[in-house]
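Chains as they are written, first to last, in my numbering: chain F, 941 to 1097; chain L, 54 to 350. Glycine included, C-beta positions come from ideal geometry on N, C-alpha and C.
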């Protein structure tokens, strides 16, 4: 069976698909394959934020732990999605937990490595930020709609 | 108001019951079964006191009368494969629906209809080929139940795949769970998501539009049936158009103040439509896409 390189995996992930080859190579230079079992934490609230996860298979729950109640799931994401944005900006600390709901395969991109390459190559930085911003906008808009509680009990009263 | 009535024959005559024929006169039906679906949603099975249950097309609605309280427009939630009493799934959001939700077996409810347009999923309907994407939000699955069942079980060549995407506020408010499982067993891809998770929920959390992006339907020739809160329908319809689905093949529901049910009174007018006659199911393309964005003054 043909072994797929990290660069090929990076180039086919929706976040980075269509990037020029040299940009893909730069990202791939910071990336490696990871796998998680059901229940494993990809990242934990309060811990240093150092990784961007590009999901290839499996589902991940973004959650926050509530004392006495346990984890509260805020959102679930699946293949093609991305997990982990706090490595982008100081203080580089995770704000939520992210837990594998089943067997998860992902490309992990070292955040510090990617930041350093972006600092040195502003064209790469622009391309990455453009794509990252689009995903963040999509997530923000979805969150805003959910705050509306469209299906809520009192909506029609 | 006077209404045309005919005296039914046979047992109806000896029992002295009258069978109204005017569309504005409710036909008495008996509640023969009821099921509490979720916290504020109840399904009633209604059988006419005399004669056979009315024929309907999936997506049409009836005006249900809670005698002494008033009338409300409620979609038929039966499937065409079910015979017998007609099902109506009612959410308790006001005086009439509160009375209907609390109707007990043996109680009498008035029924006028069926009225309005349908989803086009019958064999002679507008949906002939291609993938079908059914998107329901909250109790919006009730008007879609019959149509979803129809497309899942239809035969013939050129039929595409069926995707049923359901959003609910929380896991406890997902209705028709048995149907969702049955449709999945019959080959449909069923995708459920909730806005707010609860302990023990292992499914998805997020908007229906997020699940829509995961559905690998072929937009070329695809049809979409969308029912739910208008904001949800608007966002879903836009997402479908962005995916490449022809706006004229997206059907949404528009509901306003339905009263007469036969386009006489004008209470349900929205733009060029009298929705009790021209709706509730309308194609998203053209004027409807503008109406869904119209700011009411």
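Which one of the options has the shortest CA to CA distance from residue i?
i: residue 1083/F; options: 259/L, 276/L and 122/L; result: 259/L
i: residue 152/L; options: 133/L, 93/L and 182/L; result: 93/L
i: residue 107/L; options: 124/L, 79/L and 90/L; result: 79/L
i: residue 1089/F; options: 338/L, 276/L, 142/L and 282/L; result: 282/L
i: residue 1008/F; options: 252/L, 276/L, 196/L and 319/L; result: 252/L
i: residue 116/L; options: 99/L, 200/L and 241/L; result: 99/L
i: residue 1000/F; options: 1046/F, 1039/F, 1049/F and 945/F; result: 1039/F
i: residue 1002/F; options: 996/F, 993/F and 1013/F; result: 1013/F
i: residue 154/L; options: 144/L, 160/L, 162/L and 186/L; result: 144/L
i: residue 206/L; options: 274/L, 249/L, 132/L and 292/L; result: 132/L
i: residue 335/L; options: 261/L, 126/L, 124/L and 305/L; result: 305/L
i: residue 246/L; options: 267/L, 236/L and 277/L; result: 267/L
i: residue 311/L; options: 325/L, 248/L, 243/L and 329/L; result: 329/L
i: residue 1035/F; options: 965/F, 988/F and 1092/F; result: 988/F
i: residue 243/L; options: 275/L, 290/L, 189/L and 212/L; result: 189/L
i: residue 87/L; options: 220/L, 139/L, 104/L and 113/L; result: 139/L
i: residue 1050/F; options: 966/F, 985/F, 980/F and 1086/F; result: 966/F
i: residue 232/L; options: 202/L, 215/L, 224/L and 255/L; result: 202/L
i: residue 187/L; options: 168/L, 214/L and 164/L; result: 214/L
i: residue 1071/F; options: 952/F, 957/F, 970/F and 945/F; result: 957/F
i: residue 134/L; options: 200/L, 114/L, 165/L and 320/L; result: 200/L
i: residue 229/L; options: 264/L, 113/L, 254/L and 193/L; result: 193/L
In three-state DSSP terms, what is residue i?
i: residue 1081/F; result: helix
i: residue 67/L; result: The predicted position of residue 67/L is uncertain, since its pLDDT is 36 and thus under 50; no value can be drawn from it.
i: residue 327/L; result: strand
i: residue 192/L; result: helix
i: residue 82/L; result: strand
i: residue 284/L; result: helix
i: residue 231/L; result: helix
i: residue 1038/F; result: strand
i: residue 279/L; result: strand
i: residue 266/L; result: helix
i: residue 106/L; result: coil
i: residue 163/L; result: strand
i: residue 185/L; result: strand
i: residue 1000/F; result: strand
i: residue 124/L; result: strand
i: residue 1059/F; result: helix
i: residue 60/L; result: Residue confidence is low: residue 60/L scores 33 on pLDDT, short of 50, so the model does not pin down where it sits. Its coordinate-derived value is still stated next. Residue state, collapsed to three classes: strand.
i: residue 989/F; result: coil
i: residue 1067/F; result: helix
i: residue 225/L; result: helix
i: residue 296/L; result: helix
i: residue 317/L; result: coil
i: residue 148/L; result: helix
i: residue 1027/F; result: coil
i: residue 952/F; result: helix
i: residue 340/L; result: helix
i: residue 206/L; result: helix
i: residue 1006/F; result: strand
Please classify residue i as buried or exposed, where buried requires at least 16 other C-beta atoms within 10 Å of its C-beta.
i: residue 948/F; result: exposed
i: residue 973/F; result: exposed
i: residue 975/F; result: exposed
i: residue 1074/F; result: exposed
i: residue 901/F; result: Given that chain F is displayed from residue 941 to residue 1097, the structure contains no residue 901/F and the question cannot be resolved.
i: residue 1077/F; result: exposed
i: residue 157/L; result: exposed
i: residue 1043/F; result: exposed
i: residue 349/L; result: exposed
i: residue 120/L; result: exposed
i: residue 1068/F; result: buried
i: residue 218/L; result: buried
i: residue 950/F; result: buried
i: residue 1047/F; result: buried
i: residue 241/L; result: buried
i: residue 337/L; result: buried
Using a C-beta to C-beta distance shorter than 8 Å, which residues of chain L count as neighbours of residue i?
i: residue 1088/F; result: 284
i: residue 1014/F; result: 250 and 258
Which bits of chain F does residue i rub up against, with CB to CB less than 7 Å?
i: residue 345/L; result: Going along chain F, no residue has its Cβ under 7 Å from residue 345/L, so there is no contact; the nearest lies around 14 Å.
i: residue 263/L; result: 1082
Taking Cβ-Cβ distances shorter than 7 Å, what residues in chain L pair up with residue i?
i: residue 1018/F; result: 267
Below 8 Å on C-beta distance, what does residue i contact in chain F?
i: residue 288/L; result: 1085
Kindly list, in the order they appear in chain L, the residues whose Cβ is closer than 9 Å to that of residue i.
i: residue 1010/F; result: 252
Would a check of beta-carbon distances place residue i closer than 8 Å to chain C?
i: residue 133/L; result: The structure shown contains no chain C; its protein chains are F and L.
Handout entry: Interface positions of the stretch 239–253 of chain L facing chain F (Cβ-Cβ less than 7 Å), listed along the chain
Key = 248, 250 and 252
Problem - Residues within the stretch 136–157 of chain L neighbouring chain F, beta-carbon criterion of under 8 Å - result: 144, 146 and 147
Practice task
Could you run through the stretch 945–978 of chain F and flag, in chain order, every residue whose CB is less than 7 Å away from some CB of chain L?
Solution key: none
Practice task
For the stretch 1064–1088 of chain F, enumerate the residues whose C-beta is nearer than 8 Å to any C-beta of chain L, in chain order.
Solution key: 1082, 1085, 1086 and 1088
Handout entry: the stretch 212–226 of chain L: positions lying closer than 9 Å to chain F by Cβ
Key = 220, 221, 222, 223 and 226
Handout entry: Members of the stretch 181–213 of chain L that neighbour chain F once the beta carbon cut-off is set at 7 Å
Key = 190 and 191
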